[in-house]
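Enquirer:
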Amino acid sequence: MDVENPPSPDPNAHSRRRFLQRTGGATALAVLGASGQAAAVDEHGRFKADPFSLGVASGDPLPDSVILWTRLAPSPLTRGGGMPDKRVPVQWTVAESEDMTPVVQTGNVFADPAHAHSVHVNVQNLDPNTEYYYQFRTGGYRSPVGRTKTAPEVGATPEEFRFGFASCQAWYDGFYTPYKHMAADELDLIVHLGDYIYEYGIGPNGGVRDTAVPQAYRSEPTTLDRYRLQYGLYKSDADLQAAHASAPWLVTRDDHEVDNNWAGDVPQDPDKQTVEELLKRRAAAFKAYYEHMPFRLEQKPDGPDQKLYRNYTFGDLVEFNVLDTRLYRSDQACGDAFTVDACQKRFKENRTILGDRQQAWLVNNLEASNATWDVLANQVPFAKMDFLRGAADGYRMDQWDGYVADQVAVKNAFEASVNNPVVVTGDFHSNWANDIKSAQNESKTIGTEFIGTSISSGGDGSEFSDINGNKEGVFGKHVVKENENVKYNNNRRGYTRCTLTPDEWVTEFQVVDYVTEPGAPVRTDKRFVVEAGTPGLQEP
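Written out as structure tokens, the structure reads:
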């Protein structure tokens with residue numbers, strides 16, 4: 001097969017615009033049928049189905065480089081993705097326009113079965129702060145066209161930088177409509193803060209999607225093959241693919257990419273899962289995660305270890321410190337309860353959510369930063385949040401309030417050397433806007449936290465956060481009332497859009513009123529402004 005010039009029945013069939021227009025929550029299930037067992041390669045090794053069923057992605061942009069990703073999987077819901085057990089040549093192309101002309105660079109790589117036939121291309125020698133388009137080819141098929149963008153060069157001051165962040169996308173809880181709207185925004189960057197997949201088995205009808213799911217999905221993922229299947233299902237969603245094709249991504253994981261509420265080497269359920277079993281599971285989960293994300297080689301896992309914390313700058317306007325608050329943390333205090341009054345263990349100096357090395361790395365980055373805006377891309381809520389009414393204090397042990405020593409250390413770094421710290425957070429399946437207060441003086445605001453809601457996890461939600469099935473929003477309302485620093489709550493699904501300039505940061509909470517059916521319109525539920533040099537939330 002001539003990989004340099006493979007045939008294509010329609011060279012425009014996979015233009016990015018057409019790809020975006022046809023998204024609407026469809027997945028590969030609609031193409032493969034309920035069993036997903038269609039033969040994907042004929043006796044001559046030729047594809048009988050599109051090998052680009054999982055779309056394309058780009059990520060980790062530098063001023064002169066970006067990572068391009070795809071995975072060949074003509075039958076993504078079957079073991080091995082329907083691919084032969086051999087390396088397959090793939091051509092990649094980068095161009096200046098969406099019609100893939102003029103060509104800037106092109107090259108060839110091999111998709112290897114050892115890595116689920118995934119491809120990670122480090123394209124170099126690009127121009128800074130420049131929009132590019134890219135496409136893959138193999139076996140007579142062309143991938144959808146993706147859009148990406150390099151970072152501004154060091155010392156440059158962009159007039160504006162637009163990014164969105166998202167998290168928590170349980171496939172069976174709802175359609176990925178928020179991603180369709182996010183794709184239409186054509187952002188400079190998308191940040192994913194974890195829970196890209198959930199590690200639970202999936203019923204025969206696919207939850208609210210009411211779509212037949214193969215038998216292999218009933219079990220909870222613990223092996224590499226099973227985690228690969230989970231990613232194959234999730235990434236087959238057309239709206240998610242559209243978001244990946246629309247902009248470069250920065251990604252980090254939370255807990256559900258492995259197992260609920262794991263902490264370092266400690267499983268959530270040590271009576272059912274030994275440390276050795278967790279480490280084996282972690283190695284499988286980390287490898288599958290790497291295979292399905294646009295990561296640089298530095299993020300390739302080594303067994304049960306994977307270095308995800310890293311730093312990306314976009315001129316002197318904004319610097320992102322991407323955190324890992326799972327791999328190096330101590331076990332949750334006081335039985336990992338949601339709210340615990342007077343849990344003294346959370347104050348112990350030897351308890352950590354970052355680990356010593358990551359904390360030192362973060363503090364050094366904050367001290368050395370020349371950016372107007374310093375961002376922590378973070379998994380679990382950072383600002384202090386008391387969840388109990390009245391004089392009693394109640395904190396969630398899985399978030400930074402359960403790791404006070406690290407929380408104080410980062411707050412002190414904010415106060416000592418950072419002009420405009422902003423924490424963007426996932427995990428909580430609801431929208432919140434919080435002022436961050438000084439560790440020494442709780443009347444002093446030193447930074448801002450925006451907690452974004454889930455893409456689909458939790459279903460449609462409600463206007464305010466509820467708990468224990470209460471649909472009146474009592475929980476969210478009393479948390480806002482109980483905490484002077486908490487300024488906003490909303491419990492719909494959606495994503496968060498941020499526009500940065502040298503003078504101000506504008507955050508818009510973009511929500512949809514339902515995800516249990518496809519096609520919901522998007523609306524801006526709330527908008528906040530942070531002025532450079534003036535910490536604290538303002539309403540425009």
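In UniProt numbering, the protein residues as written are 1 to 540. Glycine residues also receive a C-beta, built at the ideal position from the N, C-alpha and C atoms. Computed from a prediction, not measured in an experiment: that's the story for all the values here.
Closer than 8 Å is the cut-off here; do at least three beta carbon pairs connect the region 205-216 with the region 480-493?
Expert: no
Enquirer: Is P89 helix, strand or coil by DSSP?
Expert: strand
Enquirer: Let me check understanding here. Comparing Cα to Cα, which of D255, D316 and E186 lies closest to D195?
Expert: D255
Enquirer: Measuring only from the beta carbon, is E482 closer than 7 Å to any heavy atom that is part of the ligand GDP?
Expert: With respect to small molecules bound, the structure shown includes none, and the ligand GDP cannot be examined in it.
Enquirer: Within a Cβ cutoff of 6 Å, which residues of the same chain sit near K345, ignoring the five residues on either side of it in sequence?
Expert: Around K345: A333 and C334.
Enquirer: Cα-Cα, which of G402, K384, T425 and G426 is closest to N441?
Expert: K384
Enquirer: Using DSSP with H/G/I as helix, E/B as strand and the rest coil, what is G24?
Expert: Since pLDDT at G24 reaches only 46, below the 50 mark, its modelled position is unreliable, and no value is offered.
Enquirer: Hey, would you say L68 sits closer than 8 Å to V121, going by beta carbons?
Expert: yes
Enquirer: Under a three-way DSSP split, which group does K526 fall into?
Expert: strand
Enquirer: For N260, which residues in the same chain have their Cβ closer than 8 Å to its Cβ, ignoring the five residues on either side in sequence?
Expert: E199 and Q268
Enquirer: Throw me the rounded Cβ distance for the W373 and V408 pair, which I believe falls under 8 Å.
Expert: With a beta-carbon spacing of about 22 Å, W373 and V408 fall beyond the 8 Å limit used to define contacts.
Enquirer: Can you tell me which of the three DSSP states T223 falls into?
Expert: Coil, per DSSP.
Enquirer: Specify, as a first and last residue, the run of the beta strand (DSSP E) that A212 falls within.
Expert: Unbroken run through A212: none, as it is neither H nor E.
Enquirer: What residue does the beta strand (DSSP E) around K411 start on, and which one ends it?
Expert: Here K411 belongs to no beta strand (DSSP E); instead the alpha helix (DSSP H) covers V404 to S417.
Enquirer: Going by the DSSP bridge assignment, what does Q510 pair with across the sheet?
Expert: Y495 and T524
Enquirer: State whether the region 449-462 contacts the region 386-404, with contact taken as three or more CB pairs (one from each stretch) at a distance under 8 Å.
Expert: no
Enquirer: So what does Y141 bridge to, in DSSP terms?
Expert: T138
Enquirer: On a Cα-Cα basis, can you pick out the residue from S236, V522, D525 and V530 that is closest to P502?
Expert: V530
Enquirer: Just mark K272 as buried or exposed, buried being the case when its beta carbon has 16 or more other beta carbons within 10 Å.
Expert: exposed
Enquirer: Less than 8 Å between the beta carbons of T425 and L193, yes or no?
Expert: Going by C-beta atoms, T425 is nearer than 8 Å to L193.
Enquirer: What are the boundary residues of the alpha helix (DSSP H) that includes Q241?
Expert: A238 to S246
Enquirer: Hey, would you say H115 sits closer than 8 Å to E291, going by beta carbons?
Expert: yes
Enquirer: Give me the residue from S438, W432 and K280 with the minimum Cα distance to F414.
Expert: S438
Enquirer: So, with DSSP's three-state summary, where would you put A371?
Expert: coil
Enquirer: Please go through the region 261-340 and give each complete alpha helix (DSSP H) segment of 4 or more residues, from N-terminal end onward.
Expert: 275-291
Enquirer: My output table needs one value for E504: the three-state DSSP class, helix, strand or coil.
Expert: strand
Enquirer: Rounded to the nearest angstrom, what separates G36 and A73 at their Cα positions?
Expert: Reliability fails at G36, whose pLDDT of 45 lies under 50, so the model's placement of it is uncertain and the value that follows must be treated cautiously. The straight-line gap from Cα to Cα measures roughly 12 Å.
Enquirer: In the DSSP assignment, what residue or residues form a beta bridge with S65?
Expert: L62
Enquirer: Please work out which residues of its chain come closer than 7 Å, Cβ to Cβ, to E4, disregarding the five sequence neighbours upstream and downstream, and give them in chain order.
Expert: Because the pLDDT of E4 is 32, which lies under 50, any placement of that residue in the model is unreliable, and the number read from its coordinates should be weighed accordingly. So the qualifying residues of the chain are Q91.
Enquirer: May I ask you to verify whether the region 73-85 touches the region 122-133, counting CB pairs closer than 8 Å and requiring at least 3?
Expert: They do not touch, by the three-pair rule.
Enquirer: Distance, Cα to Cα, N431 vs E539?
Expert: So the two alpha carbons sit approximately 16 Å from each other.
Enquirer: Looking only at DSSP bridge pairs, what is Q105 linked to?
Expert: V94
Enquirer: Measure the C-alpha to C-alpha separation of R137 and S143 and round it to an integer number of angstroms.
Expert: 6 Å
Enquirer: Would you list the one or two residues that DSSP bridges to E531?
Expert: The partner list for E531 (beta bridge, DSSP) reads E504 and T534.
Enquirer: Assuming Y172 and V208 form a contact by the criterion Cβ under 8 Å, report the distance between their Cβ atoms to the nearest whole angstrom.
Expert: 7 Å
Enquirer: Okay, do the region 234-242 and the region 165-181 touch, 3+ Cβ pairs below 8 Å being the bar?
Expert: Yes, they touch.
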